[in-house]
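As they're listed, the protein sequences go chains X and A.
Throughout the first sequence, residue numbering follows the numbering used here, covering 1 to 219 in sequence.
Throughout the second sequence, residue numbering follows the numbering used here, covering 1001 to 1257 in sequence.
Virtual Cβ for every residue (Gly too), placed ideally from N, Cα, C.
Keep in mind that this is a model prediction, so the values were computed, not measured.
The block underneath contains the structure these notes are about, expressed in structure tokens.
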Amino acid sequence: MSTTEFESQNILPLSKAAKIAWKSIRIRFLRSLLVTGGIILPIAFLMYIVSSDALLSNVKELGSVQLIEQLRMEGILTRLADTDAKIQTRWMVGLALLISFVGILNAMLMSVTERFREIGTMKCLGALDSFVVKLFLLESVFQGVVGTTIGVALGQVLAFGEGMGIYGGETWTLMPAAQFVRLSGTCLLVGVALSVAGAMYPAWRASRMKPVDALRSEI
Amino acid sequence: MTNDAANGTGSTELLATHVARTVSVRKTYHLGGEPLHALQGVDFSVTRGEYVSIMGPSGSGKSTLFNMIGGLDKPNEGRVYIDEVDIAALNSYELAWLRCHKVGYIFQTYNLIMVSTALENVMLPMIFAGMQQADAQDKAVYLLGKVGLGDRVLHKPVQMSGGQQQRVAIARALANSPAILLADEPTANLDAKTGQQIIMLLKELNEAEGVTVITATHDHKMLSISDRVAWLRDGRVERIRRRDELEITEGHADAKH
């Protein structure tokens, strides 16, 4: 029982785990779609909020004199000072993310429960607990990356669409590329972190399953 | 009962040839506070290259004994040796190693990974063992050929019949050249003819390759080809019969088939 064998077991099956996780998503496509949808919406919301906030707060520095004057007349700039509304939207974003987290947790728990035999079988074949953990975390990361990417894109479309209505053609100058990348990156990170966090407990539970469960002939 | 005594007091020179051995194994489960004595002092050993069947009604402790021999469960009292390794002394890593290298499992419900092809299923234990992808693939193709599925290497479980799935499972169980092939009711979900074919395949592997086969079964077809049959009742080994004794005392069981 040399340690090298265990080391190789930790490196080699990662691609295998990724492959199995990917196929598991495809075979449960509809449920994966629901989970992914549950990530898309809050992340789109988050992206929309941070983008439109950024656009508004950039107006004073980057906007033309005519635009600032026009916005002041329309009373839109007073929104900058409205801290109550800001706190309220933060709460809503937070709640949306929390609901999404619970959704992921629930879906992954279901995925673990219905695959008890598959997990037990893998453990009978010599899978380490860490392999089972990887399997479920990867599955969730895949869903998270796909869902978040779509969510970020959707949020941007909404924020810039709304921006076009308010700031007209100047919208594009109000968001410097660096800030745009930074905001999108942050949202992407939040989404993936959410997926991993939601899958942690289910993955741990799966890894603790006993191999003897594979022998049970009924659920 | 004389057989039991002989098994319990196995002399030291015999031990080296024992691929699985239990010594006064006791196992008690607690279900809702009520203790359930699944095994009440079982001494049982299996010699390398043997074909052994364990029979017994449900609740006899058959499954528990079977799980112990497979390294899936630990006893409360007594010792279980697999290839002369005391499983009680192993941590979870070492147990995973043991299951990977020493025991090949065949399940009643085949338990193939549904999303993977036959080839990938057979390769999986070798990947777990740290074998290189190319070597694992070559061996998997060879093993699938040996169980008669050379032309279905890239089929998925859903595209195969029960008998074919069980053949894939047998190839998978053989992947890391285990010391024991452990089959839990391998024919229970198959029709009589396919079941017979699976039994013959197991027997063939046992005779040609010297693989030790241990099965838990209700299937009387299994009796006639087993080297030894152990009957369990109420957590104890009721009797053990060699095949030659079987044909005299339990001839009617054989005559059925």
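With DSSP collapsed to three states, give me the class of residue i.
| i | result |
| --- | --- |
| A/P1035 | strand |
| A/A1088 | helix |
| A/G1041 | strand |
| A/V1153 | coil |
| X/I90 | First, the residue type needs correcting, since residue 90 of chain X is Arg and not Ile in the sequence shown. In the structure shown, X/R90 sits in a helix (DSSP, three-state: H, G or I). |
| A/A1175 | coil |
| A/R1021 | strand |
| A/V1211 | coil |
| A/V1046 | strand |
| A/D1191 | coil |
| X/R28 | coil |
| A/I1225 | coil |
| A/S1072 | It should be pointed out that residue 1072 of chain A corresponds to Leu in this sequence rather than to Ser. Residue state, collapsed to three classes: coil. |
| A/S1060 | coil |
| A/G1162 | helix |
| X/V63 | Inspection of the sequence shows that residue 63 of chain X is occupied by Gly rather than by Val. Coil, per DSSP. |
| X/D82 | coil |
| A/V1147 | coil |
| X/G165 | helix |
| A/G1235 | coil |
| A/A1255 | Note that A/A1255 has pLDDT 39, beneath the 50 cutoff, so the model's placement of it is unreliable and the number below is only indicative. Reduced to three states, the DSSP call for A/A1255 is helix. |
According to DSSP, what are the bridge partners of residue i?
| i | result |
| --- | --- |
| A/D1184 | A/A1216 |
| A/I1240 | A/A1230 |
| A/R1026 | A/Q1040 and A/E1077 |
Check for me: the beta strand (DSSP E) holding residue i runs from which residue to which?
| i | result |
| --- | --- |
| A/G1078 | E1077 to I1082 |
| A/Y1105 | V1103 to I1106 |
Excluding the five sequence neighbours on either side, which residues of its own chain have a C-beta within less than 6 Å of the C-beta of residue i, listed in chain order?
| i | result |
| --- | --- |
| A/R1021 | S1045 and Y1081 |
| A/H1252 | Unreliable positioning characterises A/H1252 in this predicted model, as indicated by a pLDDT of 49, which lies under 50. A coordinate reading is not provided. |
| A/S1053 | T1215, T1217, M1222, S1226 and V1229 |
| X/G155 | A44, M47 and Y48 |
| A/G1061 | A1038, L1039, L1232 and G1235 |
| A/A1088 | K1074 |
| X/D129 | S207 |
Tell me the residue span of the alpha helix (DSSP H) that contains residue i.
| i | result |
| --- | --- |
| A/M1055 | Looking at the DSSP string, A/M1055 is not in any alpha helix (DSSP H); the run it does join, the beta strand (DSSP E), is Y1051 to M1055. |
| X/E170 | Looking at the DSSP string, X/E170 is not in any alpha helix (DSSP H), and its letter there is neither H nor E. |
| X/R205 | A177 to S207 |
| X/I76 | Looking at the DSSP string, X/I76 is not in any alpha helix (DSSP H), and its letter there is neither H nor E. |
| X/T210 | Here residue 210 of chain X turns out to be Lys, not Thr, going by the sequence shown. Looking at the DSSP string, X/K210 is not in any alpha helix (DSSP H), and its letter there is neither H nor E. |
Using a Cβ-Cβ cutoff of less than 7 Å, which residues in the same chain neighbour residue i once the five nearest sequence positions on both sides are dropped?
| i | result |
| --- | --- |
| X/V146 | T36 |
| X/I166 | I76 |
| X/F116 | M209 and D213 |
| X/I20 | L135 |
| X/Y201 | L105 |
| A/N1206 | Y1051 and V1213 |
| A/L1112 | N1121, P1157, Q1165, V1168 and A1169 |
| A/Y1029 | L1036 and A1038 |
Going by beta carbon distance, what residues of the same chain come within less than 8 Å of residue i, once the five residues before and after it are set aside?
| i | result |
| --- | --- |
| A/I1198 | G1163, Q1166, R1167, I1170, P1186, T1187 and L1190 |
| A/D1219 | E1185, T1187, A1188, G1195 and I1199 |
| A/G1078 | T1022, V1023, S1024, V1025, R1026, G1041 and V1042 |
| X/A17 | F131, K134, L135 and L138 |
| X/C187 | I43, L46, M47, V50, T148, G151, V152 and G155 |
Contained alpha helix (DSSP H) runs [length at least 4] in the segment 110-134 of chain X, N- to C-terminal order: 116-124
Which runs of the beta strand (DSSP E), 3 residues or longer, sit entirely within the segment 1094-1139 of chain A? 1103-1106
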